[in-house]
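Reading the sequence shown from the start, the letters are residues 1 to 427 in this note's numbering. Glycine included, each C-beta is placed from N, C-alpha and C at the ideal position.
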Amino acid sequence: MDGFLPTFVRRKFRPEKLKEPDYRVVPERIGDPRIAIIPLHDYPSMPFKCLVSLHDKVQIGQKIGWKGKEPFDVSVLSPISGIVKEIANHPVPSGSRVMCVVIEKKDSDIEMVRSENLVRIKDKKRVLQEAGIPLEYKALTERGVEAIVVNGTEFEPNLTSTYTLLWHRTHEVINGLKLLMNLFSIKQGIVCIERKNKELLDRVKEHAESSGVAVVKAERSYPESGNLHLLRYVLKGKKRVLKEGKVIFVRPQDLIAIRDALEEGKPYLEKYVTVSGSAIGNPKNLIVKIGTTFSEVLEKLDVSLRHLSCVIMGGPLMGIPQPTLHVPITQFTDGIWALFSVDLTKTHRSKVYSEGVCVRCAKCVDSCPASIVPNVIVDFLKKGLKDRALDIGLNLCIECGLCSYVCPAKIPLSLIIRTEKTPEAKR
Ligand code: SF4
Ligand code: SF4
Numbered sequence: 001m002d003g004f005l006p007t008f009v010r011r012k013f014r015p016e017k018l019k020e021p022d023y024r025v026v027p028e029r030i031g032d033p034r035i036a037i038i039p040l041h042d043y044p045s046m047p048f049k050c051l052v053s054l055h056d057k058v059q060i061g062q063k064i065g066w067k068g069k070e071p072f073d074v075s076v077l078s079p080i081s082g083i084v085k086e087i088a089n090h091p092v093p094s095g096s097r098v099m100c101v102v103i104e105k106k107d108s109d110i111e112m113v114r115s116e117n118l119v120r121i122k123d124k125k126r127v128l129q130e131a132g133i134p135l136e137y138k139a140l141t142e143r144g145v146e147a148i149v150v151n152g153t154e155f156e157p158n159l160t161s162t163y164t165l166l167w168h169r170t171h172e173v174i175n176g177l178k179l180l181m182n183l184f185s186i187k188q189g190i191v192c193i194e195r196k197n198k199e200l201l202d203r204v205k206e207h208a209e210s211s212g213v214a215v216v217k218a219e220r221s222y223p224e225s226g227n228l229h230l231l232r233y234v235l236k237g238k239k240r241v242l243k244e245g246k247v248i249f250v251r252p253q254d255l256i257a258i259r260d261a262l263e264e265g266k267p268y269l270e271k272y273v274t275v276s277g278s279a280i281g282n283p284k285n286l287i288v289k290i291g292t293t294f295s296e297v298l299e300k301l302d303v304s305l306r307h308l309s310c311v312i313m314g315g316p317l318m319g320i321p322q323p324t325l326h327v328p329i330t331q332f333t334d335g336i337w338a339l340f341s342v343d344l345t346k347t348h349r350s351k352v353y354s355e356g357v358c359v360r361c362a363k364c365v366d367s368c369p370a371s372i373v374p375n376v377i378v379d380f381l382k383k384g385l386k387d388r389a390l391d392i393g394l395n396l397c398i399e400c401g402l403c404s405y406v407c408p409a410k411i412p413l414s415l416i417i418r419t420e421k422t423p424e425a426k427r
């Protein structure tokens with residue numbers, strides 16, 4: 001009967017508690033990868049240009065390409081010094097295949113010259129683009145943005161990489177926010193933190209409020225961390241002074257990159273990543289070079305790759321299962337969830353692997369926070385009726401993954417919907 005209940009009496013869905021690493025533990029920095037795979041663009045239709053050729057020598061921090069439309073293009077940088085081994089289409093964690101440059105590390109005495117280059121650029125907005133920081137430059141420049149909101153929550157219950165960098169680099173996050181606000185003349189800065197993280201909340205408040213940045217508490221309820229959901233906390237009581245279109249969201253990781261680029265001339269080459277799941281004895285947060293493959297990250301944690309059954313980018317709800325471990329950490333990879341092999345002779349096999357037939361239970365409809373009808377949308381998509389799927393809200397999906405999580409038939413609803421959304425509507 002759940003599916004026939006009106007929205008206001010639907011049950012609030014809470015995923016079960018997973019073992020997650022403690023964000024107060026100092027994250028380990030793993031060394032340079034042997035091979036770095038650098039995507040030249042974020043999704044197939046995004047324009048890009050490659051600036052290197054096969055067998056070229058590249059230096060750490062060197063510009064090897066650019067992506068996006070001028071004048072809002074962003075540089076693509078090499079995270080290591082080495083030789084270009086391949087320029088070809090590769091799978092990336094988002095589930096698509098894009099053009100990538102594969103660089104093999106060579107021990108080299110070439111120092112990072114990039115920082116000098118960044119320091120020499122006079123236009124500070126251009127410094128951010130040249131440092132490879134993915135921001136909404138067009139909106140920041142043209143849309144009259146009134147507030148920048150920092151999403152300090154986690155997208156998945158098993159991830160703590162955002163908390164980790166907020167905890168250990170609070171000052172740099174706030175500093176990065178202030179620099180961004182000054183650069184684009186934006187008056188308001190707001191940081192959203194989950195109410196349950198009292199310690200983190202107090203720490204961020206201490207740094208933020210002395211810098212004139214507001215801190216907003218968000219409730220703990222998945223998927224409150226989605227930007228659209230956070231917006232309602234941000235706009236609460238401020239609706240008259242702040243309009244939805246005048247707010248943009250940034251991630252704490254990007255603010256650290258902004259601070260590093262503007263104050264130290266450092267390009268954006270590293271990422272905080274949570275590695276967890278049943279195959280990881282001791283889930284932890286790592287600082288990893290962008291371009292490092294999932295297999296190298298897992299090898300460095302002594303995970304036996306032969307016994308893995310599934311590796312997911314992200315977590316159990318919104319995560320994307322990876323067809324291969326030869327996919328790189330990108331600027332948008334917050335976590336790796338690695339699972340041990342399941343004994344296929346056991347009865348739970350079907351629960352994990354087999355996609356069944358929709359039983360019309362409407363659990364997906366019930367759990368959908370975007371109030372769309374995932375089973376009907378997927379039905380239309382399977383029949384090739386994308387226009388009809390768009391008509392009933394395909395692009396409104398916030399990619400939370402709850403529909404797939406609750407579906408008793410194990411239909412990968414959110415994966416199908418995410419893949420078919422138009423690129424501009426993707427998260
Ligand atoms: S359709 Fe989209 S928004 Fe709705 S539950 Fe599925 S993934 Fe979440
Ligand atoms: S898609 Fe899954 S959750 Fe949705 S109605 Fe069908 S069986 Fe139920």
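Taking the alpha-carbon positions, what's the residue i to residue j distance?
i	j	result
G314	S161	11 Å
A261	I248	21 Å
C397	A139	22 Å
A131	E355	43 Å
L344	I417	The predicted position of L344 is uncertain, since its pLDDT is 42 and thus under 50; a value taken from the coordinates is nonetheless stated next. So the alpha carbons of these two residues sit roughly 28 Å apart.
N151	M181	15 Å
I312	R306	16 Å
I121	V127	6 Å
K300	I30	8 Å
N395	K57	42 Å
T274	P267	22 Å
P323	D366	30 Å
I392	K124	43 Å
V216	V191	6 Å
I377	P157	26 Å
I372	K105	47 Å
Y272	L135	18 Å
L415	S210	43 Å
Y137	R143	10 Å
G68	L54	23 Å
Q59	G95	29 Å
K383	C403	20 Å
G212	L177	11 Å
Can you tell me whether residue i sits near ligand 1, meaning its C-beta is under 7 Å from at least one heavy atom of the ligand?
i	result
L54	no
L413	yes
P369	yes
L402	yes
C397	yes
P408	no
I429	In the structure as shown, the chain starts at 1 and stops at 427, and residue 429 therefore has no counterpart that could be examined.
If I follow the unbroken alpha helix (DSSP H) through residue i, where does it start and stop?
i	result
Q129	K124 to E130
N434	Residue 434 lies beyond the stretch modelled for the chain, which goes from 1 to 427, so this question has no answer here.
S367	K363 to S367
E86	From DSSP, E86 is part of no alpha helix (DSSP H) but of the beta strand (DSSP E) over G82 to P91.
S404	L402 to V406
S414	L413 to E420
L390	K386 to D391
Within its chain, find whatever has a CB closer than 8 Å to the CB of residue i; leave out the 5 residues flanking it on each side and keep chain order.
i	result
C50	L40, I64, G65, I87, M99 and V101
H326	I37, H90, P91, T293, F294 and S295
P408	G356, V359, C361 and K363
V145	A139, F184, I186, K246, V247 and I248
R34	E104, K105 and E296
Under 7 Å: does the beta carbon of residue i sit that close to some heavy atom of ligand 2?
i	result
R360	yes
A389	no
K363	yes
P374	yes
Considering only residues of the same chain and omitting the five flanking positions on each side of residue i, which have a CB-CB separation below 7 Å?
i	result
T170	R203, V204 and H207
L269	G61, L77, P79, K289 and I290
L200	Y163, L166, W167 and I193
A279	V303, L308, A338, L339 and F340
L179	I258, R259 and L262
D109	In this prediction, D109 has a pLDDT of 49, which is less than 50 and means its spatial position is unreliable; nothing more can be read from the coordinates.
Could you check where the beta strand (DSSP E) with residue i kicks off and where it finishes?
i	result
A279	Segment: none, A279 is in no beta strand (DSSP E) and carries neither H nor E.
F249	V247 to V250
I103	R97 to K105
K67	K63 to K67
A36	I35 to P39
V74	V74 to L77
V213	Careful: V213 lies outside any beta strand (DSSP E) and carries neither H nor E.
K49	F48 to C50
Please go through the same chain and pick out, in chain order, the residues whose beta-carbon is closer than 6 Å to the beta-carbon of residue i, but skip the five residues on each side of it.
i	result
H348	Note that H348 scores 39 on pLDDT, short of 50, meaning its location in the model is unreliable; the coordinates nonetheless yield the value given after this. Answer for H348: no residue qualifies.
F380	R388 and A389
Taking only runs that begin and end inside the stretch 113–199, name each unbroken beta strand (DSSP E) of 3 or more residues, in chain order. 147–151 and 188–194
Quick check for students: name the residue ranges of the alpha helix (DSSP H) that lie wholly in the stretch 273–335, counting only runs of 4 or more. 294–300
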